[in-house]
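First comes the structure, then the notes that go with it.
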Amino acid sequence: PFDKDRNGFVMGEGGAVLVLEELEHARARGAHVYCEIGGYATFGNAYHMTGLTREGLEMARAIDDALAHARLDGSDIDYVNAHGSGTQQNDRHETAAVKRSLGDHAYRTPMSSIKSMVGHSLGAIGAIEVLACVLALVHQVVPPTANYTTPDPECDLDYVPRTA
């Protein structure tokens, strides 16, 4: 993902299981709490089944709504886990959306894609990526974007090349 010479995504295989419960319930039973979901948003772009606009408007709206739901500002973000499928269309759309939502702070915020290491497992990737983000928080490490060697001029953020 994000490399000038990328040529699409690699299929992956895997799965992850997450247990979501009320914070007070988890504490009452003495559970180890890895994280708390502070906000979320979903958004359907209704533009095209797989097509994305270059400006990142639709994705930026979802990011902005999630930040508002969590009562956060873009400057509160320390890391972005990119969808990072490795297609030119998606990488450019996602870069534009993050810049639109985080403003200048986007240039100081590391953004990487674990798909560069595990591939795209389609239906399971959402749970896998949430788990990777939780573990990144727990261990205070930013996962790298593997195989990123040649910057794409249209993807100009910090994609954490090759090393965590």
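So the sequence shown is residues -11 to 152, counted in this note's numbering. Glycine included, each C-beta is placed from N, C-alpha and C at the ideal position. Being a predicted model, the structure only gives us computed values, none of them experimental.
Find out if the Cβ-Cβ distance for the pair residue i, residue j is shorter than 7 Å.
{"i": "R88", "j": "G44", "result": "yes"}
{"i": "Y136", "j": "D(-9)", "result": "yes"}
{"i": "P(-11)", "j": "S101", "result": "yes"}
{"i": "A115", "j": "L8", "result": "no"}
{"i": "A4", "j": "F31", "result": "no"}
{"i": "H93", "j": "G72", "result": "no"}
{"i": "H57", "j": "G27", "result": "yes"}
{"i": "A29", "j": "D64", "result": "no"}
{"i": "T151", "j": "P132", "result": "yes"}
Check for me: the alpha helix (DSSP H) holding residue i runs from which residue to which?
{"i": "D52", "result": "45 to 57"}
{"i": "Q128", "result": "Where Q128 is concerned, there is no enclosing alpha helix (DSSP H), given that its DSSP letter is neither H nor E."}
{"i": "L11", "result": "11 to 16"}
Select from the options the residue whose C-alpha is nearest the C-alpha of residue i.
{"i": "V129", "options": "V148, Y136, A115", "result": "V148"}
{"i": "E82", "options": "S63, F(-3), A14, E142", "result": "E142"}
{"i": "P98", "options": "R15, D66, V(-2), L55", "result": "D66"}
{"i": "E1", "options": "L145, G107, H127, T138", "result": "G107"}
{"i": "H127", "options": "G18, C23, L11", "result": "C23"}
{"i": "G(-4)", "options": "L119, A29, A54, Q76", "result": "Q76"}
{"i": "L145", "options": "I113, C121, A70, L119", "result": "A70"}
{"i": "M(-1)", "options": "T138, I113, P132", "result": "I113"}
{"i": "A124", "options": "H20, R96, V68", "result": "V68"}
{"i": "R59", "options": "I25, H13, Y35", "result": "I25"}
Using the beta-carbon count (16 or more within 10 Å), is residue i buried or exposed?
{"i": "G74", "result": "buried"}
{"i": "N78", "result": "buried"}
{"i": "S104", "result": "buried"}
{"i": "E117", "result": "buried"}
{"i": "R80", "result": "buried"}
{"i": "M220", "result": "The requested residue 220 does not occur in the structure, where the chain is confined to residues -11 to 152."}
{"i": "A165", "result": "No statement about residue 165 is possible, as the shown extent of the chain runs from -11 to 152 and does not include it."}
{"i": "T138", "result": "exposed"}
In the structure shown, what three-state DSSP assignment does residue i receive?
{"i": "T83", "result": "helix"}
{"i": "H71", "result": "coil"}
{"i": "H93", "result": "helix"}
{"i": "D64", "result": "helix"}
{"i": "S101", "result": "coil"}
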